[in-house]
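Have a look at the structure below, then the notes.
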Ligand code: N01
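In my numbering, the protein residues as written are 82 to 628.
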């Protein structure tokens with residue numbers, strides 16, 4: 082029989098105030114905030130062997146933040162942290178972001194409370210004890226009052242289900258699960274399927290050393306020049322001097338502090354507009370979309386003109402007119418994720434790169450050493466799948482927590498990803514999602530978005546404790562109203578006109594539902610108002626006596 086001391090010790094090792102699943106950008110901050118600001122006993126879990134979340138996995142050649150990120154793709158909760166870290170390039174590489182996150186983990190001593198290489202296999206709510214129980218792959222069990230799901234918006238890699246794909250016996254890598262050991266392309270014939278952000282970042286890098294790269298493209302994409310360059314001392318100095326203003330401006334401007342245009346397209350002549358597009362193209366980054374004229378993502382005529390401008394740029398860059406035509410996108414620019422490139426279109430001018438348009442020439446079969454499309458066989462030594470993710474909802478469904486009456490999230494979300502405020506789900510008390518469906522997530526700066534969501538979770542916990550409540554839970558009617566808000570905002574834009582992962586359209590059978598809140602600043606105002614209003618729309622249960 083165990084002594085009381087041994088029992089207490091075991092409880093201390095397995096019983097927590099909060100469990101955080103995921104040690105990426107969101108989970109790291111959740112651990113820090115709940116532990117160091119709220120004084121809770123917190124335990125983190127992650128299947129990877131270190132911090133970083135999606136950045137731990139995304140090590141493919143050319144991997145970078147898909148925005149002019151420096152110094153904004155970073156936490157804002159500590160001014161000292163912001164000022165002591167020096168970003169080297171305007172568009173940070175995956176290695177730089179990972180080094181930064183490792184530095185944060187060291188500085189705030191996060192690793193001591195995270196179990197790495199520990200997959201959470203089961204997560205269920207016990208209504209009797211008002212606690213979440215989790216079971217890890219090695220059979221260990223833990224419990225906590227609060228479950229924070231910081232499982233990432235882009236975690237569940239999507240592998241295309243082409244019949245016979247496994248017949249290919251050469252090296253095969255998914256960009257979102259890239260090996261940690263160096264991968265050599267030298268002298269190899271490489272096939273790349275997928276031309277989203279990951280493919281467009283990887284292809285120019287692979288082409289530098291591969292014998293040949295064959296790109297299999299399903300949808301031709303727009304990409305804007307990233308114009309990546311070293312950060313200057315002057316930029317760093319200005320950032321440090323205006324740090325508070327930058328933070329405020331990011332909070333107010335949908336996550337990024339970039340200039341957005343106040344000019345109206347219909348007040349300019351066609352020539353003036355073309356001149357402005359040229360200027361914005363030369364500046365690079367997001368400028369063409371957000372800083373040319375007001376409303377490029379809502380006004381179809383303006384959007385068409387900008388789309389044409391980029392199509393013409395592609396025609397000018399790509400020398401072979403047949404290849405250039407295959408690369409012509411035919412959707413509204415910006416309605417799929419904006420891609421920033423570092424020499425993507427120029428890569429097609431190399432002799433060792435060829436492009437297959439899968440719409441005209443679909444994949445028919447795979448062999449041990451090649452891919453056959455309708456028109457020809459393509460011998461390859463390596464296959465790179467840059468085919469994206471079951472985005473935003475996929476990682477929560479993969480975790481599949483079970484709420485009241487044992488109902489699994491996969492059942493609750495079979496047809497719609499119901500949630501309230503992008504953080505809570507009815508039937509799942511005391512469970513909080515970071516960057517889940519219904520939140521600004523991928524549309525906002527993810528570190529800042531995570532901070533603001535986690536701080537709101539902290540307000541919930543304070544409210545519960547201050548009022549003797551055991552649980553907080555949203556309601557189906559609040560979920561319905563929330564979804565109505567998300568879809569209403571999206572429907573004012575051109576986004577829903579295009580098949581994209583924002584709508585779940587990239588995953589066969591996935592429910593079609595716009596997955597993100599497009600008005601990030603308004604969203605966070607609503608979070609604040611909800612907390613200031615005493616969480617009126619929520620349902621509370623009194624705390625049960627601890628056994
Ligand atoms: O994935 P994607 P990604 N046969 O879904 C194609 C973020 N990111 O990994 O467009 C053939 O965008 C698919 O075709 P289509 C960023 O937010 C962030 O590139 O669906 N092709 C598409 O071309 C980004 O948006 C950073 O018709 C198939 C491609 O594969 C998100 O991650 C860096 C196919 C997938 O493109 C996802 O980008 C990089 C099939 N069966 C990326 N299935 C950072 O900043 C899919 N495709 C962290």
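In this text, a Cβ means the ideal position worked out from N, Cα and C, and glycines have one as well.
Keep in mind that this is a model prediction, so the values were computed, not measured.
Closer than 7 Å: residue 226 CB and nearest ligand 1 heavy atom: Locating residue 226 in the chain shown gives position 145, where the first residue counts as 1. Of the heavy atoms belonging to ligand 1, none sits nearer than 7 Å to the Cβ of residue 226.
Residue 250, buried or exposed, once every other Cβ within 10 Å from all chains shown has been counted against 16: Here residue 250 refers to the residue found at position 169 of the chain shown. Burial call: exposed.
Reduced DSSP category for residue 259 - H, G, I as helix; E, B as strand; rest coil: Position 178 of the chain shown, counting from 1, holds the residue named residue 259. Residue state, collapsed to three classes: coil.
Heavy atom of ligand 1 within 7 Å of residue 335 beta-carbon: Translated into the one-based positions of the chain shown, residue 335 becomes position 254. No, ligand 1 has no heavy atom inside 7 Å of this Cβ.
First through last residue of the beta strand (DSSP E) which encompasses residue 213: In the chain shown, residue 213 corresponds to position 132, counting from 1. It spans 212–217 - the beta strand (DSSP E) in which residue 213 sits, taken as one unbroken run.
Exposure of residue 221, with buried meaning 16 or more beta-carbon neighbours within 10 Å: In the chain shown, the residue the question calls residue 221 occupies position 140. Result: exposed.
N-terminal and C-terminal residue of the alpha helix (DSSP H) that residue 333 is part of: Residue 333 sits at position 252 when you count from the first residue of the chain shown. Note, residue 333: alpha helix (DSSP H), 324–333.
Any non-hydrogen atom of ligand 3 closer than 7 Å to residue 274 Cβ: Ligand 3 is not among the ligands present in this structure, which contains only ligand 1.
Exposure label - residue 623; buried when at least 16 CB within 10 Å: Position 542 of the chain shown, counted from the start, is the residue given in the question as residue 623. With fewer than 16 other Cβ atoms within 10 Å, it is exposed.
Residue 565 beta carbon less than 8 Å from that of residue 158: As a working mapping, residue 158 is identified with position 77 in the chain shown. As a working mapping, residue 565 is identified with position 484 in the chain shown. At the C-beta level, residue 158 and residue 565 stay beyond 8 Å of one another.
Which listed residue (172, 140 and 247) has its alpha carbon closest to that of residue 260: Numbered from 1 along the chain shown, position 179 holds the residue referred to as residue 260. Answer by Cα proximity: 140.
Buried or exposed by the 16-neighbour rule on C-beta atoms within 10 Å, applied to residue 407: One-based indexing of the chain shown puts residue 407 at position 326. Burial call: buried.
Closer than 7 Å: residue 474 CB and nearest ligand 1 heavy atom: Position 393 of the chain shown holds residue 474. Annotation for residue 474 indicates a beta carbon at 7 Å or more from all heavy atoms of ligand 1.
Three-state secondary structure (DSSP) of residue 554: Taking the first residue of the chain shown as 1, we reach residue 554 at position 473. In the three-state reduction of the DSSP assignment, residue 554 falls in the strand class, which pools E and B.
8 Å contact criterion, which residue 524 and residue 335 should meet: CB distance rounded: Here residue 524 refers to the residue found at position 443 when the chain shown is read from its first residue. Here residue 335 refers to the residue found at position 254 when the chain shown is read from its first residue. Between residue 335 and residue 524 the Cβ distance is about 7 Å, and since that is below 8 Å, they are a contact.
Under 8 Å between C-beta atoms of residue 480 and residue 296: Start at 1 with the first residue of the chain shown, and residue 480 comes out as number 399. Start at 1 with the first residue of the chain shown, and residue 296 comes out as number 215. Result no, Cβ atoms of residue 480 and residue 296 do not sit closer than 8 Å.
Presumed contact (8 Å Cβ cut-off) between residue 284 and residue 428, rounded CB distance: As a working mapping, residue 284 is identified with position 203 in the chain shown. As a working mapping, residue 428 is identified with position 347 in the chain shown. That pair is a contact at about 6 Å.
Limits of the unbroken beta strand (DSSP E) element including residue 223: Against the chain shown, residue 223 aligns to sequence position 142. 222–230 is the extent of the beta strand (DSSP E) around residue 223.
Neighbour-count burial assignment, residue 482, 16 or more Cβ in a 10 Å radius: In the chain shown, residue 482 corresponds to position 401, counting from 1. Classification of residue 482: buried, given that the 10 Å Cβ count is 16 or more.
Own chain, CB closer than 7 Å to residue 111, minus 5 neighbours either side, in chain order: On the chain shown, position 30 is the one that residue 111 refers to. Excluding residues up to 5 positions away in sequence, 101, 229, 231, 515 and 535 lie with their Cβ nearer than 7 Å to the Cβ of residue 111 in the same chain.
Secondary structure of residue 458, DSSP reduced to three states: Translated into positions along the chain shown, residue 458 becomes position 377. Here residue 458 sits in strand by DSSP.
Bridge partners - residue 535, DSSP secondary structure assignment: Sequence index remark: in the chain shown, residue 535 carries index 454 (1-based). Paired residue(s): none; residue 535 is not in a bridge.
Contact belief for residue 592 with residue 497 at Cβ below 8 Å, rounded distance in angstroms: In the chain shown, counting from the first residue as 1, residue 592 sits at position 511. In the chain shown, counting from the first residue as 1, residue 497 sits at position 416. So it is a contact: roughly 6 Å between Cβ atoms.
Burial state of residue 329, where buried means 16 or more other Cβ atoms lie within 10 Å: Stepping through the chain shown from its first residue, residue 329 is reached at position 248. So residue 329 counts as exposed.
Local conformation of residue 675 per DSSP, three classes: Outside the modelled stretch of the chain, which goes from 82 to 628, sits residue 675, for which no answer is possible.
Boundaries of the alpha helix (DSSP H) in which residue 361 is found, first to last residue: The count along the chain shown starts at 1 and reaches residue 361 at position 280. Going by DSSP, residue 361 is part of the alpha helix (DSSP H) stretching over 351–364.
Residue burial classification, residue 379 (beta-carbon count within 10 angstroms, cutoff 16): Position 298 of the chain shown, counted from the start, is the residue given in the question as residue 379. Counting Cβ neighbours within 10 Å, residue 379 comes out exposed, since fewer than 16 surround it.
8 Å CB neighbourhood of residue 332 in its chain, flanking five on each side removed: Along the chain shown, read from residue 1 onward, the residue named residue 332 stands at position 251. 529, 533, 602 and 605.
beta-carbon residue 539 near ligand 1 non-hydrogen atom, thresh 7 Å: Taking the chain shown and counting its residues from 1, one reaches residue 539 at position 458. No, ligand 1 has no heavy atom inside 7 Å of this Cβ.
First through last residue of the beta strand (DSSP E) which encompasses residue 125: Working through the chain shown from its first residue, we reach residue 125 at position 44. Where residue 125 is concerned, the enclosing beta strand (DSSP E) stretches over 123–126.
CA nearest to the CA of residue 288, picked from 198, 368, 300 and 268: Counting from 1 along the chain shown, the entry for residue 288 is found at position 207. The candidate whose alpha carbon is nearest that of residue 288 is 268.
Under the three-state DSSP convention, the category residue 172 falls into: On the chain shown, residue 172 is found 91 positions in, with the first residue counted as 1. Residue 172 carries a coil assignment under DSSP once its states are collapsed to helix, strand and coil.
Residue 497 CB to nearest heavy atom of ligand 1 below 7 Å: Locating residue 497 in the chain shown gives position 416, where the first residue counts as 1. The nearest non-hydrogen atom of ligand 1 is 7 Å or more from the C-beta of residue 497.
Residue 241 Cβ short of 7 Å to ligand 1 heavy atom set: As a first step, residue 241 must be located in the chain shown, where it is residue number 160. Annotation for residue 241 indicates a beta carbon within 7 Å of some heavy atom of ligand 1.
Per-residue burial, residue 456 [other beta carbons within 10 Å of its own, 16 or more giving buried]: One-based indexing of the chain shown puts residue 456 at position 375. That one is exposed.
Residue 388 in three-state terms, based on DSSP: Here residue 388 refers to the residue found at position 307 of the chain shown. Here residue 388 carries a helix assignment [DSSP, helix/strand/coil].
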